[in-house]
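Asks: Quick note: the first sequence uses UniProt numbering, first residue 1, plus one each step. Note that beta-carbon positions come from the ideal geometry of N, C-alpha and C, so glycine has one too. Below are the structure tokens for one structure; questions will follow.
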Amino acid sequence: MSIETIIQKATIEAVKTLYGAEVTENQVQVQNTRKEVSGDITIVVFPFLRLSRKSPELTAEDLGTYLVEKVDMVDSYSVIKGFLNLEISRNYWLDILMESYTYDNFGIAEPGDDSKLVMVEYSSPNTNKPLHLGHIRNNLLGYSISEIVKANGNKVVKTNIVNDRGIHICKSMYAWQQWGNGETPESSSMKGDHLVGKYYVEFDKHYKAEIAELVEKGTSKEDAENQAPSIIAARELLRKWEAKDEATIELWKKMNSWVYSGFDVTYKTLGVDFDKIYYESDTYIVGRDEVLRGLAEKIFYQKEDNSVWADLSGDGLDQKILLRSDGTSVYMTQDIGTAKMRFNDYTIDKMVYVVGNEQNYHFQVLANLLDKLGYSWGKDLYHFSYGMVELPSGKMKSREGTVVDADDLVEGMITVARDMSAELGKLDSLTGKEAEDTFRMIALGALKYFILKVDPRKNMMFNPEESIDFNGNTGPFIQYTYARIKSVLRKAAEKDIVINEKIAVQDISAKEKELLKRISLFPAAVQEAGVNYSPAIIANYCYELVKEFNQFYHDHFILGEADADIMNFRLVLATSVGKVIQKGMNLLGIEMPERM
RNA sequence: GCCUUGGUAGCUCAGUUGGAUAGAGCAACUGCCUUCUAAGCAGUAGGUCAUGGGUUCGAAUCCCGUCCAGGGUACCA
Numbered sequence: 001m002s003i004e005t006i007i008q009k010a011t012i013e014a015v016k017t018l019y020g021a022e023v024t025e026n027q028v029q030v031q032n033t034r035k036e037v038s039g040d041i042t043i044v045v046f047p048f049l050r051l052s053r054k055s056p057e058l059t060a061e062d063l064g065t066y067l068v069e070k071v072d073m074v075d076s077y078s079v080i081k082g083f084l085n086l087e088i089s090r091n092y093w094l095d096i097l098m099e100s101y102t103y104d105n106f107g108i109a110e111p112g113d114d115s116k117l118v119m120v121e122y123s124s125p126n127t128n129k130p131l132h133l134g135h136i137r138n139n140l141l142g143y144s145i146s147e148i149v150k151a152n153g154n155k156v157v158k159t160n161i162v163n164d165r166g167i168h169i170c171k172s173m174y175a176w177q178q179w180g181n182g183e184t185p186e187s188s189s190m191k192g193d194h195l196v197g198k199y200y201v202e203f204d205k206h207y208k209a210e211i212a213e214l215v216e217k218g219t220s221k222e223d224a225e226n227q228a229p230s231i232i233a234a235r236e237l238l239r240k241w242e243a244k245d246e247a248t249i250e251l252w253k254k255m256n257s258w259v260y261s262g263f264d265v266t267y268k269t270l271g272v273d274f275d276k277i278y279y280e281s282d283t284y285i286v287g288r289d290e291v292l293r294g295l296a297e298k299i300f301y302q303k304e305d306n307s308v309w310a311d312l313s314g315d316g317l318d319q320k321i322l323l324r325s326d327g328t329s330v331y332m333t334q335d336i337g338t339a340k341m342r343f344n345d346y347t348i349d350k351m352v353y354v355v356g357n358e359q360n361y362h363f364q365v366l367a368n369l370l371d372k373l374g375y376s377w378g379k380d381l382y383h384f385s386y387g388m389v390e391l392p393s394g395k396m397k398s399r400e401g402t403v404v405d406a407d408d409l410v411e412g413m414i415t416v417a418r419d420m421s422a423e424l425g426k427l428d429s430l431t432g433k434e435a436e437d438t439f440r441m442i443a444l445g446a447l448k449y450f451i452l453k454v455d456p457r458k459n460m461m462f463n464p465e466e467s468i469d470f471n472g473n474t475g476p477f478i479q480y481t482y483a484r485i486k487s488v489l490r491k492a493a494e495k496d497i498v499i500n501e502k503i504a505v506q507d508i509s510a511k512e513k514e515l516l517k518r519i520s521l522f523p524a525a526v527q528e529a530g531v532n533y534s535p536a537i538i539a540n541y542c543y544e545l546v547k548e549f550n551q552f553y554h555d556h557f558i559l560g561e562a563d564a565d566i567m568n569f570r571l572v573l574a575t576s577v578g579k580v581i582q583k584g585m586n587l588l589g590i591e592m593p594e595r596m
């Protein structure tokens, strides 16, 4: 039980004993004491004034006296206005330290046999273009959320739905046929996904030009968009694909395989992976059958032009198309099929979709449709709705080439990490490969932390003109602190200093206590991150912890300390901080270098 | 139009179920490396928490209005 909970329960008792009144846990506000004030835990007494019929100060005195007497861990108290500040005994903090030092899973709940199975869908790329910064945010959030959910005692299946069919890939296919001259990743030395993306852009260029030409000849813009030769050709390819035309399927497979090999490299670089991959080309058929079943069971209805619709107006939503008049599937159709297949494949307790907030409405509708189709889990799906990454120029658009390419960005970051290390004269002692690994670790640490430290629900700004920081509230700052701790521990080992698990210090400094308090908050941070689906909570926790450690490190010697007990205590403290940092950052998918 | 999300320092962001004097980093300016890594530490400066009301002992936080911005809104995913 955490100290907050203990104090909370004791306070409820106190109020009952002293004033004969029942209060609920919500009414007892327990918080960490402000730094400028002495004390560790603070209770806000204002809510009890009505019960005590006394002034805030006297009420606080009553409670303070009671708590000091009844709760072992409370040493003393002080009162400032309506705030009761409790001093928690040193032994409590030292116990926490021992727990974090000896227990490898401190703060982490291991999944057991009766754990819930949570499936997390993330990434979900289209196969007609390479990944960009927006996808990076999705991938990092998806991976991190999976780890956080796992750390809260759940089993997790990470899944990816690959949108491998549809008009978008046909556009790239057509452009490659027309203007590709048989170019391949090998012949062009281009990464497969970039090559296919090049033809997607190429398509759009020609398409726009054709529209402009038609409009000049007097066609309306809307008609021109439908009559341009390129789009007609792309649609023809889609029709042939659905008719299983051999040559078209062949081309589709070839170009998709290029994209996949490209994605694999990017996924590997980002350090994300999946337990199960679904392909839209499989799931849309299942979805179509489900819609037709719904039609037969009169859950849905058909219009005169043969299109199939759901009427959701009774649920505050609109009419939603599920099959087009020509019988082909839409986005929603495929998601219904994918959901069905997943729940057939796994015993899923909770489904989490990591998809951008532009699709909030889509998931509201999906939950409703699955429910109508008789799937009890439908309405409980959770749409992890994250914000867009914006550029100073606005939204990223692949078609128009106004994107920050994922591979380029990572490559650029590694270069910065390498240059910076050289400039600082770091890592000169490492061999080429070790050094390169570290540069990669630092670069990705900077990128991942930059993305994950912000509240996932909010839009965030990225300015390509300014490089991502390596100083201050950043991934490398945290990695650096970890490397410092490792360095101290290496030196201790060199001096044959053996760390003793028994702590025997008489006094601890204010800085040391602050650090212990921070460590004690780790389990709560992991839980809170799980409840709120927020890697940012972990990121900010790690930053606060590391900042605290650096202050301690600056003010106190560890190996230079003359008193053996104090040195031992500080070694245990540093080790624990290192462990917590590593565990926390691991939840974000950020690796920690031994030296930097 | 309707639905929805947001607006906190020059910039990028924190800010717990409403609590004490609204916090970090970057950028600017000052100090601190002959002792464990200066990718660090300490300090200065920078705020009408978009705006006007309301609720309350207490509001960046809750409610209402207004302004601004993003997203969605029946055959794009």
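Inspect the beta-carbon positions of V259 and G192 and report whether they are closer than 7 Å.
Replies: Taking 7 Å as the Cβ cut-off, V259 and G192 qualify as a contacting pair.
Asks: Does the distance from the CB of M351 to the CB of L381 come in under 7 Å?
Replies: Going by C-beta atoms, M351 is nearer than 7 Å to L381.
Asks: For A234 and Y207, I'd like the C-alpha separation in whole angstroms.
Replies: Distance between the alpha carbons of A234 and Y207: 11 Å.
Asks: Between which two residues does the alpha helix (DSSP H) holding Y19 run?
Replies: Start and end: 3-19.
Asks: Identify the continuous alpha helix (DSSP H) that holds V577 and give its terminal residues.
Replies: Taken as a continuous stretch (DSSP letters only), the alpha helix (DSSP H) holding V577 covers 564-587.
Asks: Spatial neighbours of V71 within its chain, please: C-beta separation below 8 Å, excluding the five flanking residues on both sides.
Replies: Here the set comprises I6, I7, A10.
Asks: Looking at the unbroken beta strand (DSSP E) that takes in V531, where does it start and where does it end?
Replies: That residue, V531, is in no beta strand (DSSP E); its alpha helix (DSSP H) goes 522-532.
Asks: Going straight from the alpha carbon of F263 to that of M255, what length do you get?
Replies: Roughly 13 Å separates the two Cα atoms.
Asks: Apply the 10 Å Cβ neighbour rule to Q551 and answer buried if 16 or more other Cβ atoms are within range, or exposed otherwise.
Replies: It is exposed - the Cβ of Q551 has fewer than 16 other Cβ atoms within 10 Å.
Asks: Do V389 and G134 count as a contact pair if the criterion is CB distance below 7 Å?
Replies: Yes, the Cβ-Cβ distance between G134 and V389 is below 7 Å.
Asks: Assuming S78 and G39 form a contact by the criterion Cβ under 8 Å, report the distance between their Cβ atoms to the nearest whole angstrom.
Replies: S78 to G39, Cβ: 6 Å. Contact.
Asks: Report the three-state DSSP secondary structure of D75 (helix, strand or coil).
Replies: In this structure, D75 counts as strand in the three-state DSSP scheme.
Asks: Going residue by residue through the stretch 363-403, where are the continuous beta strand (DSSP E) segments of at least 3 residues, counting only ones entirely within it?
Replies: For the stretch 363-403, whole beta strand (DSSP E) runs of length 3 or above, ordered along the chain, are 382-386.
Asks: Measure the C-alpha to C-alpha separation of G432 and T438 and round it to an integer number of angstroms.
Replies: Spanning the two alpha carbons is a distance of roughly 10 Å.
Asks: Are G387 and K458 closer than 7 Å when you measure CB to CB?
Replies: Cβ atoms of G387 and K458: closer than 7 Å.
Asks: For A367, which option in V416, L317, G356 has the closest C-alpha, if you only look at C-alpha atoms?
Replies: It is L317 whose Cα lies nearest to the Cα of A367.
Asks: Who does F83 pair with in a DSSP beta bridge?
Replies: In DSSP, F83 forms a bridge with V44, I80.
Asks: Closer than 7 Å by C-beta to E514: which residues in its own chain qualify, once you throw out the five before and the five after it? Chain order, please.
Replies: These residues qualify, in order along the chain: E548.
Asks: Can you tell which of V28, M73, G112 has its C-alpha closest to the C-alpha of F83?
Replies: Measuring from the Cα of F83, the nearest candidate turns out to be V28.
Asks: What is the residue span of the beta strand (DSSP E) that E591 lies within?
Replies: From DSSP, E591 is part of no beta strand (DSSP E); its letter is neither H nor E.
Asks: At a cut-off of 6 Å, would you count S257 as near the ligand MN, judging by its Cβ distance to the nearest heavy atom?
Replies: As for the ligand MN, it is missing from this structure, which has no ligand bound.
Asks: Rounded to the nearest angstrom, what separates D95 and R34 at their Cα positions?
Replies: About 23 Å.
Asks: Can you give me the C-alpha to C-alpha distance between L373 and D305, rounded to a whole angstrom?
Replies: About 23 Å.
Asks: Quick check: H383 and Y353, are their CB atoms within less than 7 Å of each other?
Replies: Cβ atoms of H383 and Y353: closer than 7 Å.
Asks: With burial defined as no fewer than 16 other Cβ atoms inside 10 Å of the residue's Cβ, what is the status of L424: buried or exposed?
Replies: Its Cβ having fewer than 16 others within 10 Å, L424 is exposed.
Asks: Can you name, in chain order, every residue of its own chain whose Cβ lies under 6 Å from the Cβ of N152, other than the five neighbours on each side?
Replies: Same-chain partners within the cutoff: A109, G530.
Asks: On the three-pair Cβ rule with 8 Å, is the stretch 510-524 touching the stretch 120-131?
Replies: Short answer: they don't touch.
Asks: Give the DSSP-derived three-state secondary structure of I169 in the structure shown.
Replies: In this structure, I169 counts as helix in the three-state DSSP scheme.
Asks: Let me check one thing: in DSSP terms, what residues is V265 bridge-paired to?
Replies: Per DSSP, none; premise fails for V265.
Asks: Between the Cα of A14 and the Cα atoms of E36, L51, V37, which residue gives the shortest distance?
Replies: Residue L51 is the option with its Cα nearest to A14.
Asks: Exposed or buried, what is T24 when buried is set at 16 or more other beta-carbons lying within 10 Å of its beta-carbon?
Replies: Label assigned to T24: exposed.
Asks: DSSP three-state call for K54: helix, strand or coil?
Replies: Coil at K54, not helix or strand.
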